[in-house]
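Going by the numbering used here, the sequence shown opens with residue -2, and the numbers climb by one from there.
Positions of the beta carbon are idealized from the N, C-alpha and C atoms, including for glycine.
Quick caveat: nothing in here was measured; it's all calculated off a predicted structure.
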Amino acid sequence: MKKTHDDEVIADVHALSAGLKAYITSYTARALNTCRESCGGHGYAAVNRFGGLRNDHDIFQTFEGDNTVLLQQVLSPCPAIPFCNDEPKLSC
């Protein structure tokens, strides 16, 4: 693996990994909940294993950075998001 001390590359990799972690853990949490709800009254039955999967997955949303903080770090390189006609225009 190539090591670099280029601050711009390090910032880009950090923003990418933070954004991916926040997106993937939020997506899988919603997917697990959708599967559980699809089972109706049997969603919490032990045979479905959704309870165990959810218990195991919930920790992923907070360790190594809470998703809310990680999403803020994704936008931190952007000095400001200018608004024009009520539509955000990203100029990062």
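Can you tell me where the alpha helix (DSSP H) with Gly48 in it begins and where it stops?
-> Position 51 of the sequence shown, counting from 1, holds the residue named residue 48. Per DSSP, Gly48 belongs to the alpha helix (DSSP H) from 47 to 55.
Would you check if the distance between the CB atom of Gln70 and the CB atom of Ala15 is smaller than 7 Å?
-> Translated into the one-based positions of the sequence shown, residue 70 becomes position 73. Translated into the one-based positions of the sequence shown, residue 15 becomes position 18. Cβ atoms of Gln70 and Ala15: closer than 7 Å.
Indicate whether Leu29 and Arg51 have their beta-carbon atoms separated by less than 7 Å.
-> Walking along the sequence shown from the start, residue 29 turns up at place 32. Walking along the sequence shown from the start, residue 51 turns up at place 54. The answer is yes: Cβ separation under 7 Å.
So which of Arg33, Thr65, Leu72 has the shortest CA-CA distance to Val44?
-> Taking the first residue of the sequence shown as position 1, residue 44 is located at position 47. Comparing Cα positions, the closest option is Arg33.
Rounded to whole angstroms, what's the CA-CA distance from Thr31 to Asp3? Just pull it up for me.
-> The count along the sequence shown starts at 1 and reaches residue 31 at position 34. The count along the sequence shown starts at 1 and reaches residue 3 at position 6. So the two alpha carbons sit approximately 42 Å from each other.
What three-state label does DSSP hand Gly16 in the structure shown?
-> As a position in the sequence shown, residue 16 is number 19, starting the count at 1. If DSSP states are grouped into helix, strand and coil, Gly16 belongs with the helices.
Count the other C-beta atoms from every protein chain shown that fall within 10 angstroms of the C-beta of Leu67, then say buried if there are 16 or more, exposed otherwise.
-> One-based indexing of the sequence shown puts residue 67 at position 70. Only buried fits Leu67, as 16 or more other CB atoms lie within 10 angstroms of its CB.
Any idea if Met(-2) is buried or exposed, counting beta-carbon neighbours within 10 angstroms, 16 or more meaning buried?
-> As a first step, residue -2 is located in the sequence shown; it is residue number 1 there, counting from the start. Residue confidence is low: Met(-2) scores 46 on pLDDT, short of 50, so the model does not pin down where it sits. Its coordinate-derived value is still stated next. Burial call: exposed.
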